[in-house]
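Student:
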Amino acid sequence: AAGVIQSPRHLIKEKRETATLKCYPIPRHDTVYWYQQGPGQDPQFLISFYEKMQSDKGSIPDRFSAQQFSDYHSELNMSSLELGDSALYFCASSLGRAGLSSYNEQFFGPGTRLTVL
Amino acid sequence: AQKVTQAQTEISVVEKEDVTLDCVYETRDTTYYLFWYKQPPSGELVFLIRRNSFDEQNEISGRYSWNFQKSTSSFNFTITASQVVDSAVYFCAGSGGGADGLTFGKGTHLIIQP
Chain A
1 AAGVIQSPRH LIKEKRETAT LKCYPIPRHD TVYWYQQGPG QDPQFLISFY EKMQSDKGSI
61 PDRFSAQQFS DYHSELNMSS LELGDSALYF CASSLGRAGL SSYNEQFFGP GTRLTVL
Chain B
1001 AQKVTQAQTE ISVVEKEDVT LDCVYETRDT TYYLFWYKQP PSGELVFLIR RNSFDEQNEI
1061 SGRYSWNFQK STSSFNFTIT ASQVVDSAVY FCAGSGGGAD GLTFGKGTHL IIQP
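Here it is, written out as structure tokens:
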């Protein structure tokens, strides 16, 4: 079965540079989520999109922005990179914004490992 | 706001032992959703199970079983006859639903020794 695709898988940047991470959700999934996982930490929710509109916002720094495109893929743009941005960035996707009677689980991509030097 | 507590930082057992991972979820929402994810050393996050707050049925899937008790806000996960391949970090997570992000616990590092 098709899974969430993230690119690149590894990225090395210098401080103050910019980075763009891409996420391609599972086919037919219309909701995308971004998470940041620092070394030895739990994943922290950054932001989500449903039908190309921002849906929920977590602890996303102002230096970061994201969007979802018409084909449902999403990009996370990170500017003025800091050493502390070094982390594993996960994208997840789910099918639809379900109602109260159900909730669709999020399936995670393999992650992009960002190293800021 | 939700809070997920996994009190066990690390558990080490010998292969074939049963092991239970604890999770406590706190929220003011009357409807919420709970999940368990597995993160093996390779780093990916693997979905294991979802439970709705209004469904207290316990579930068994092979060697895995889950016990959800709304009265104590606990959503515990048991592996029966553990195997070395079960070694991983296990995360409990919760959400209010919709397109809300997940709130993860700190994770329990499970080590299964041969």
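Chains as they are written, first to last, in my numbering: chain A, 1 to 117; chain B, 1001 to 1114. Don't be surprised by glycine CBs; every beta carbon is placed ideally from N, CA and C.
Excluding five sequence neighbours on each side, which residues of the same chain lie with their C-beta closer than 8 Å to the C-beta of B/Gln1002?
Tutor: Walking along the second sequence from the start, residue 1002 of chain B turns up at place 2. Contacts found: Tyr1025, Glu1026, Thr1027, Asp1029, Tyr1032, Gly1094, Ser1095, Gly1096 and Thr1103.
Student: What are the residues in the segment 1096-1107 of chain B lying within 8 Å of chain A by C-beta distance?
Tutor: Per Cβ criterion, the list reads Gly1097, Gly1098, Ala1099, Asp1100, Gly1101, Leu1102, Thr1103, Phe1104, Gly1105, Lys1106 and Gly1107.
Student: Is B/Leu1045 close to chain A? Criterion is C-beta to C-beta, closer than 9 Å.
Tutor: Position 45 of the second sequence holds residue 1045 of chain B. With 9 Å as the cut-off, B/Leu1045 counts as an interface residue toward chain A.
Student: Across the segment 1069-1079 of chain B and the segment 1009-1022 of chain B, are there enough close Cβ pairs to call them in contact, namely three or more that are closer than 8 Å?
Tutor: Counting Cβ pairs under 8 Å, three or more are found: they touch.
Student: Are any of the Cβ atoms in chain A nearer than 9 Å to that of B/Phe1091?
Tutor: Here residue 1091 of chain B refers to the residue found at position 91 when the second sequence is read from its first residue. At least one chain A Cβ lies under 9 Å of B/Phe1091.
Student: Using the beta-carbon count (16 or more within 10 Å), is B/Pro1114 buried or exposed?
Tutor: Stepping through the second sequence from its first residue, residue 1114 of chain B is reached at position 114. It is exposed - the Cβ of B/Pro1114 has fewer than 16 other Cβ atoms within 10 Å.
Student: Are B/Leu1110 and B/Val1085 closer than 9 Å when you measure CB to CB?
Tutor: Locating residue 1110 of chain B in the second sequence gives position 110, where the first residue counts as 1. Locating residue 1085 of chain B in the second sequence gives position 85, where the first residue counts as 1. It is not a contact, given that the beta carbons lie outside the stated cut-off.
Student: At a Cβ threshold of 9 Å, is A/Ile5 touching chain B?
Tutor: For the purposes of this step, residue 5 of chain A is taken as the residue at position 5 of the first sequence. No, A/Ile5 lies away from the interface with chain B (no Cβ there is under 9 Å from its Cβ).
Student: I need the DSSP call for A/Thr112, collapsed to helix, strand or coil.
Tutor: For this step, residue 112 of chain A is matched to residue 112 along the first sequence. It is a strand residue.
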